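The next block holds one structure in the form of structure tokens; read it before the comments.
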Amino acid sequence: MSSKTNATDPVTKPGKQPIRRMACIDIPEFLFQWMVVQQPDWARQPMALVKDERPTALLQEVNGRALELGLRRGMRFGEALSQIPYLRARSLSTALKEQIIREMAEKLRAFSPQVEACSHNSGVFYVALNGLEQLYPCWLRWREQVLQALAESGYAARCAIGFSHFGSLAAARHEQPVPLLESPQQEDELAREVALWRLGVPIHLSNSLSMLGVTRLGDFLKLTSESLLERFGREAYELHRRAKKDHWDPLQNLAEPVVWEATLGLDYAETDRTRLLLLCEKLLHGLLLQLSRRRRAVQRLHFAFQLQNGDTTRHSLGLSEPCLDQKRLLDLLNLRLESTPLHQGVTDLELQLEEAESPPEQLELFDETSRREIQAANRALDRVRAELGPGSVVRACLQEGHLPAASFRWEPLEKLQGRPSPQKISNILLRRFYAVPQPLAAPKPELQLDGPYKISGGWWNREIERDYYYLLSPQGEIHWAFHDQRRQLWFREGMVD
Amino acid sequence: MTNYAPLWCKSYGSFLEGASSPEELVETAAALKLGGLALTDRDGLYGIVPAHMKARELNFPLVVGAQLTIGPDRLVVLAENHEGYRNICRTISQARMHAPKGESHLDLSTVCQRSQGLIALYHSGLNLDLLREGFANCLYVMNPRHRLPHELTPKHKDLPRVAVHEVLYHHRRRRPLQDVLTCIRHKVTLSSAGRLIRPNAEHDLHTPEHFARLFHDCPDEVARTLEIVERCQFSMAQLRYVYPAEHLAAGTTVQGRLEELTWAGARRRYPDGLPAGIEAQLRKELDIIARLDYGGYFLTLHDLVEFCKRENILCQGRGSAANSVVCFCLGVTAVDPTQVDLLFERFLSPERAEPPDIDLDIAHQDRERVIQYLYRVYGRHKAAMVANLIRYRPRSAMRDVGKALGIEVLTVERITQVMSTYQSTPLQRLQEVGFHPDLPLHRHWLHLTNEILGFPRHLGIHPGGFLLGHEPVSDLVPIENARMAERTVIQWDKRDIEALGLFKVDLLALGALSLIQRCLDLLGKPRDIYAITRKDCSETWDMLARAETIGTFQVESRAQMTMLARLKPRTFYDLVIQISIVRPGPISGGMVHPYLRRRNGEEAISYPHPCLEPILKKTLGVPLFQEQVIKLAMVAADYSGGEADQLRRDMGAWKSSGQLDGHRERIITAMMKKGIPQEFAERVFEQIRGFGEYGFPESHAASFALIAYTTCWLKCNHPAQFACALLNSQPMGFYSPLTIIQEARRSQVRFLPIDIAFSEWDCTMEEETVRMGLRYVKGLDEQAGRRIVARRGTPYTSMEEMARRADLDRQDLNCLARAGALNSLGKSRRAQLWAAAAMTTAARDCPWLDAEASPDLPDLSPAQGIFWDCKYSAHSLQGHPLSTFREQLKALGLPSAEQVRETHHGARLSYAGLVICRQHPGTAKGFTFFTLEDETGLVNVVVKPRLFLEQNILARTAGLLGVTGKLECHDNVIHLIAETFFQPDLGPDLPHLPSRDFH
């Protein structure tokens, strides 16, 4: 095959309508390659994607090595593990998969502003080449750079430059891949030879077509779109039309994520907190204005300071509810700044906002008084969290456990929902207990004891055997105590008053 | 010191709650010298029979009761007298029958209406007024104490209080197991169970001192427990079971009717006069039956057999009943006593006084009709099925305990996958897949798994056992819904039935009888096994000697075929031995080879002691049958009849009861004292143990031999009809339809393919050719298939027309097209699939619409055609899947099965075939046996444990398997001893056929 520069490419011939040029970058077993990049010791191991890690979960995908060892998509995870105990498996949420694809698309944007991720073939990306001729006089050179960049990131890929989605994919996945197609006619001829299963046709459709002896794209194209629609549904119909290039099929550029971000670089190193806060205020004001125009509010605020010595400190503030209140946000920022060392001096500031929809109806649930009270309380709690950390506001929740310490737990409190109704206080005894039982001398014989009440268990982990008593002291105090049978020691669990 | 009696005790009969067996509870209570014990399992009497048997043995007072669930509350009821017991059974039955399986729905008014003879122990939550009204002076208030702070002494001053505690185990070391059972029941782990598990271990059987200390402030309530035991005088021994009598003519007694039928049957069986000894034997048996008053049972069996005869359903009695001449004359069994030595005492004995237990094998396709007849005659309320307690086995125990302990599910799965369901697995194997015995949690895991083995998990149903009652069965034992519709099951299993001396009728489904029925119908012959077994056909014996027994009953397995080639049976009794000898009993006892050597004249026939000659003469001095082993124990080890009977029971239950080892010392020592060599004595004992796993009584083997011979005779003399009937009886046996057809074709049987123009739902005969039936179209609904046949009338001319006339949808047409059933309509399979895919209801019902022209689709290659046949109809008439690959296999240097058979002993070779069967018998010391197949026949492969482990994945999953190894040929038996596996790559068109794998 001769190497041609783009100067002689039909695209650049003057007086002609420019023919669309695109490249298909095919990263086989893309998600598995990503997993290996995350965990390099998984290279060359059998791998599978599972919905979750229960033994009854089905294998969603398996890599080539797993296939060789007899695993198949649709097998149960437990069964697969029994066959191959060293199987590496992971579940990837839809959100994570989308993120992985977005990150790859970002990488490829370095080589073209228009990148499309194939919706039904993860690992396949289409890249528009029109307009890049000046930058890349030789497409093959462009292709080499792309593959090299991917290799440096840990990905093995194929790349073919063609004229259409299907055609370039077919060229990339041909049994003898063709890096650069000279003409749409060449692309069509080559595509017809490719087996359907190589083109990522959905398995159920591929199987049905294979039953009919339709195994290659050329065979597939001999059928009519309408007959496929009638027999196999819209999916087959659309696929056929794409393959026949029957409809307008422009590149669908993957949208870049919107980031609410503002940065400021200083010519000097700022060490004064107040002045720093004023600078943050400036940045914050602009961002809040943009947010408010879109009827969005701040849910979380990230800020980063680059110091003179090159270090960067990063912080994050969460809010109990989305807000656009600049004063409040600055207040929280100020509290956090108070605990941030600044003697090195800040040279660069960065603010990022996570947005959320403001839930106005929540604010209407409470009456004016309690609403204001609840809001104030929540603001106060926000300050506490800002100052002491996110785990500093907790509440007690009952749980089912026999031991006193196991009968409740502390849970982080995100925000107050309502004002608790006032309780009637009556003549009941309250039993209060210590966070940690306190050692106690053995009770004297003359003390009145009520008990023992036995609690034992935990034999599977840490065996416990306690005899609980209520001790009435001569002073009339009721102590709640226990004798630890295993250690032969007395402890005070609490008091009754 | 004041004694007490625990009145609220739950055994493992409260499924997944009680952590001790009923026997353990009674034994411990007796050892503690308590004043009695009330067994009060949750909503059932599952554990009462073993508790009763143990209490009787120890002469310990047992009170029968139950804990009834009434909404969220509980009420304990105890039976004062027989009426009280009946009321417990009726109440529980009603509660169970009105609820889904496994549940119990009861309301208090129902309980109060049936309070006669009952004492109630009330705790809280229920309507006390209703209870006072219902129970009057039989109502007590429980004062439960478990050392918990929230337990308050009840305040009902007008009602007598009784001291109780809830007993869940016999000893507090079972507390961990009880916690685990709770977690299993609620499907939680221990760490998340919270208050679902008990807060302490105060639920064991307390000593009298401990109980007195617990209730130090109310000794009268402690004493009241003994008063209650005193009031409750009912014992399970009071149950009088009356077998339902047949509706007899006036003036006729049960025994009289039985004798009349027996002598009439004898005249039919022996038209030329009764042979010597038979008349005396008949009189003896009838006399024993009369003394034991068992006549009604025999009349029932006779009635069922007569029903089967009237309805032309093949049936045959099996088991120890075949020892009875009376059964033979009544037509219940078919074993002629002049042909085999019978031991009537094995079946019935006055000393044992156990009820007879007759299993009736019925053609499986017709068993439901017999069951419905039984219900019609006796009524649904007087006939219920016997339960089968599903108990924890090693794998299930390990899994459930592991989950409860919170061990990572993947670890649990990985370990349990390598475990055997029934047998223990070596610890080393478990360690290989992640079990760590040095970890405390894993130690708990193993210990608790061993503790839970044998515990019941839930109630299943015995395959065919029925309890028939003179009165409603629910007066005798609670009944509940079975999973199957219109079926009820009692809460006791067959061991409980036997222990109480109740009568059980077993109606079992046997596929081989259906096969024989179908074959005889095809031949237009009457359904009479006996008529066939009277024929002595030398060709049949020749066929057996050649081991061409695929599809026959009992002698078609790889092991049986191997034995046939050595034993070469020529008489009926040879066949009886053939069936018995390939069993764990003789194998474990090392008796097989000595017998074969003596039979072949390679070894002199001798007897370890002269007293053993009468017992062992017919088996050339080698014990092969269960009865011989029992007789050996009696003659050589001086066992009495009763002791020998106990030995027989212990043989049957040795795995669960562990009682068999108690006999070892005695048998071996006694035999040696008589001069019998120790080596022989030890082998006899090993044989006893093997018989425990699965040994055959001679009478049982004889019953089976009749059926086996019948199937062999049919196969030999009518191979085409036999193949047709066998194909209609699938799934059954060891071999797939493909193998059955391949083998039949080698015997010159001709087959015609499935065709919508000619096929019925079942396979049929067209002259002497077998037409494959629509039942072999994979995925085709039977109703759709029968519509095709029913609406055939004039031949179908097109797919659309057939779809219209037979009301078929796209899916039906797909199935037919793939299986090649539409080939007679003229188009290729692919063209038919293409057309079927477009077959909407509109297209089907509108023939005037233009049909679209079919695209040019490639034809199937021969290999693909066979592949599709195998995949979509489980067989192929175009050839064996490997036949199209023979050239490729030849090029790889791989011979055919035929060529392997012609290779000499000791040769090293490689062979590749489709895996059709894997067997891993328990007696084989870890060896696995494969059967591989190609177009020329079968090859047997022996795989050592180490190789199976090393190449585990290939061994377990490969469809096409290559084996390299050494050939062994002995006595016409050929095995390839595998050294390594490989997998030849023959491309994607080779089908992966499912193999039939056996433990």
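So the protein sequences, as listed, match chains A and B.
Sequential numbering from 2 applies to the first sequence in my numbering.
Sequential numbering from 74 applies to the second sequence in my numbering.
Glycine included, every Cβ here is placed at the ideal spot set by N, Cα and C.
Bear in mind the structure is a predicted one, so any value in this text is a computation, not a measurement.
Selection from the options that minimises the alpha carbon distance to residue i
i: Ala118 of chain A; options: A:Leu130, A:Asn131, A:Glu104 and A:Ala111; result: A:Glu104
i: Ala397 of chain A; options: A:Ser408, A:Leu218 and A:Gly390; result: A:Ser408
i: Leu359 of chain B; options: B:Ile650, B:Gly329 and B:Thr164; result: B:Gly329
i: Ser165 of chain A; options: A:Ser120, A:Tyr471, A:Pro438 and A:Lys246; result: A:Lys246
i: Leu933 of chain B; options: B:Leu483, B:Met912 and B:Lys900; result: B:Lys900
i: Asn210 of chain B; options: B:Asp579, B:Ile192, B:Leu199 and B:Pro222; result: B:Ile192
i: Arg304 of chain B; options: B:Ile351, B:Leu135 and B:Thr262; result: B:Leu135
i: Tyr367 of chain B; options: B:Leu595, B:Thr522, B:Leu421 and B:Tyr119; result: B:Leu421
i: Leu637 of chain B; options: B:Gly806, B:His517 and B:Ala781; result: B:Ala781
i: Met212 of chain A; options: B:Gly999, B:Trp907 and B:Thr1004; result: B:Trp907
i: Asp711 of chain B; options: B:Arg722, B:Pro696, B:Lys690 and B:Leu685; result: B:Leu685
i: Leu19 of chain B; options: B:Pro428, B:Trp614 and B:Ile654; result: With chain B represented from 74 up to 1072, any question about residue 19 of chain B goes unanswered, as that position is not in the structure.
Paired residues, beta bridge with residue i - DSSP
i: Thr837 of chain B; result: B:Arg844
i: Arg433 of chain A; result: A:Met496
i: Lys455 of chain A; result: A:Asp468
i: Asp349 of chain A; result: A:Gly266 and A:Gln307
i: Arg91 of chain A; result: A:Leu50
i: Glu427 of chain B; result: Glu427 of chain B is not bridged to any residue.
i: Glu356 of chain A; result: A:Val299
i: Lys1039 of chain B; result: B:Arg981 and B:Ile1050
Backbone CA spacing between residue i and residue j [nearest angstrom]
i: Ile660 of chain B; j: His283 of chain B; result: 54 Å
i: Ala173 of chain A; j: Asn131 of chain A; result: 19 Å
i: Val546 of chain B; j: Arg313 of chain B; result: 12 Å
i: Ile488 of chain B; j: Val1014 of chain B; result: 28 Å
i: Cys402 of chain B; j: Thr326 of chain B; result: 19 Å
i: Asp114 of chain B; j: Leu241 of chain B; result: 10 Å
i: His480 of chain A; j: Val497 of chain A; result: 6 Å
i: Gly624 of chain B; j: Gly893 of chain B; result: 26 Å
i: His454 of chain B; j: His543 of chain B; result: 10 Å
i: Ala754 of chain B; j: Phe88 of chain B; result: 42 Å
i: Leu201 of chain B; j: Thr101 of chain B; result: 34 Å
i: Pro272 of chain B; j: Glu130 of chain B; result: 35 Å
i: Glu162 of chain A; j: Lys108 of chain A; result: The question names Glu, but residue 162 of chain A is Ile in the sequence shown. Computed Cα separation, rounded: 18 Å.
i: Arg258 of chain B; j: Asp473 of chain B; result: 10 Å
i: Ala585 of chain B; j: Phe626 of chain B; result: 6 Å
Minimum length 3: unbroken beta strand (DSSP E) runs contained in the stretch 716-757 of chain B:
none
Residues of the stretch 38-64 of chain A whose Cβ lies closer than 8 Å to any Cβ of chain B, in chain order
Cβ contacts with chain B come from Glu54, Arg55 and Pro56.
Scan the stretch 925-941 of chain B for residues whose Cβ lies nearer than 7 Å to a Cβ of chain A and list them as they occur along the chain.
If you check each beta-carbon in the stretch 925-941 of chain B against every beta-carbon of chain A, the ones closer than 7 Å belong to Glu925, Pro928, Leu930 and Pro931.
What are the residues in the stretch 206-237 of chain B lying within 7 Å of chain A by C-beta distance?
Arg220, Leu221 and Pro222
Cβ-based contacts, 9 Å cut-off: residues of the stretch 268-296 of chain B near chain A:
Arg268, Leu269, Ile270, Arg271, Pro272, Asn273, Ala274 and Glu275
Beta carbons nearer than 8 Å to chain B: which residues of the stretch 226-237 of chain A have them?
Those residues of the stretch 226-237 of chain A that come within reach of chain B (Cβ to Cβ, closer than 8 Å) are Ser228, Glu231, Arg232 and Phe233.
3-residue-minimum beta strand (DSSP E) runs that sit fully inside the stretch 115-160 of chain A, ordered along the chain:
116-118 and 125-129
Residues in the stretch 191-208 of chain A having any Cβ partner in chain D nearer than 9 Å:
Protein chains in the displayed structure are A and B, and chain D is not among them.
Length at least 3, wholly inside the stretch 154-204 of chain A: the beta strand (DSSP E) runs in chain order:
159-163
With 7 Å as the C-beta to C-beta threshold (strictly closer), list the residues of the stretch 440-456 of chain A near chain B in chain order.
Answer set for the stretch 440-456 of chain A: Pro453, Tyr454, Lys455 and Ile456.
Just list the beta strand (DSSP E) runs in the stretch 577-641 of chain B, keeping only unbroken ones of 3 residues or longer that don't cross its boundaries, in chain order.
577-583
If we require 3 or more residues per run, which beta strand (DSSP E) segments fall completely within the stretch 232-282 of chain B?
Within the stretch 232-282 of chain B, the beta strand (DSSP E) runs of at least 3 residues that lie entirely inside it are, in chain order, 234-237.
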